[in-house]
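Since the structure comes first, as C-alpha cells, the remarks are kept for the end.
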Amino acid sequence: MRKFTITGATHKGKHIEVTKYIKTADGIEIQIEHNVPSTAGKQLRWVQTVTENGTFYNTCKLRTYVDPFGKGRIHTVALPAVPGVCKADDAKPFYYTDAEFAAGDGSFYDRPSESPPASGRTWIKFITALTEVTGTKVHHLVAISWGFDRLADGTVLAAAIVRPTTAEMKAHGQALKRMYPSYTYT
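For what it's worth, my numbering labels the leading residue of the sequence shown as 8, then goes sequentially.
Have a look at this one:
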C-alpha cells in the first residue's frame, strides 16, 4: 500500500510498509511490516502514541499517551509518573510486551475502535514508530501518522497515512518521556 523509507544513517534506505489499512464499522484496521535487519545486541520494537478526544481521554484525562494504556483486563501496571485509574500493560514503552514481542513476527497490527459520540465528532490520531532499542535507549528509525474520526451518526472517516509533523513528533516524544522516564529517546 504505502512505504515509508528510513532517511537517517542507521538502516538508510530500508522501510516500513503499510500492508493493510481498512476502515471498519467502528474504527480502523492497520498492519505494518518492515525490511529492517536485526543487529546484534539491539531489538527492533514498535512504539505508538495516541492523541485524541474520545473515550480514553475522558477516562484517563491524558490528551496524548503511550499505547497501550487505559482501563481493562490487560491494563494492570500502574505507572508512577502517571497517577490515576488508567494503567499500562507493562513497565516498558513498547507496543508489544516482551512475551508478545518474542511470539510475534516483527510486524505491527492494531484495530482501534470508538463508539459514536452523542454529538459532534471524536478524533483519534496515532503516531506509530519502528525503533531500534539498546537497553533503555530507544532510537526512532521511521514513524507514520494515521487515525480516524467517529461522527455522531456512526460514520468512520479514515485519516490519510503520512509522516508525522515536527510538532506531532515532539508530542510523541514528550508522552514517551513523561510516561516512561527511565528510557531515553532519539
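For each residue, glycine too, the CB sits at the ideal point set by N, CA and C.
Source: prediction; values computed, not measured.
Could you tell me the boundaries of the alpha helix (DSSP H) in which residue i lies?
i           : result
residue 105 : 105-110
residue 56  : No alpha helix (DSSP H) contains residue 56, which is instead part of the beta strand (DSSP E) from 50-59.
residue 62  : 62-67
Which residues mark the beginning and the end of the beta strand (DSSP E) in which residue i is found?
i           : result
residue 175 : It is not in any beta strand (DSSP E) - residue 175 instead sits in the alpha helix (DSSP H) that spans 173-186.
residue 18  : Segment: none, residue 18 is in no beta strand (DSSP E) and carries neither H nor E.
residue 144 : 144-158
residue 35  : 35-41
residue 72  : 71-74
Classify residue i as helix, strand or coil using the three-state DSSP reduction.
i           : result
residue 121 : coil
residue 79  : coil
residue 115 : strand
residue 129 : strand
residue 9   : strand
residue 165 : strand
residue 99  : coil
residue 190 : coil
residue 46  : coil
residue 89  : strand
residue 31  : coil
Expressed to the nearest angstrom, what Euclidean distance is found between the alpha-carbon atoms of residue i and residue j?
i           : j           : result
residue 160 : residue 123 : 7 angstroms
residue 42  : residue 126 : 43 angstroms
residue 61  : residue 166 : 16 angstroms
residue 99  : residue 138 : 13 angstroms
residue 130 : residue 96  : 23 angstroms
residue 177 : residue 70  : 14 angstroms
residue 73  : residue 115 : 15 angstroms
residue 149 : residue 180 : 13 angstroms
residue 190 : residue 52  : 14 angstroms
residue 169 : residue 113 : 21 angstroms
residue 192 : residue 31  : 33 angstroms
residue 58  : residue 182 : 10 angstroms
residue 67  : residue 88  : 13 angstroms
residue 26  : residue 18  : 20 angstroms
residue 91  : residue 109 : 30 angstroms
residue 63  : residue 81  : 14 angstroms
residue 147 : residue 76  : 20 angstroms
residue 44  : residue 145 : 16 angstroms
Within 10 Å of its beta-carbon, does residue i have 16 or more other beta-carbons around it, so buried, or fewer, so exposed?
i           : result
residue 54  : buried
residue 35  : buried
residue 171 : buried
residue 186 : buried
residue 107 : exposed
residue 10  : exposed
residue 174 : exposed
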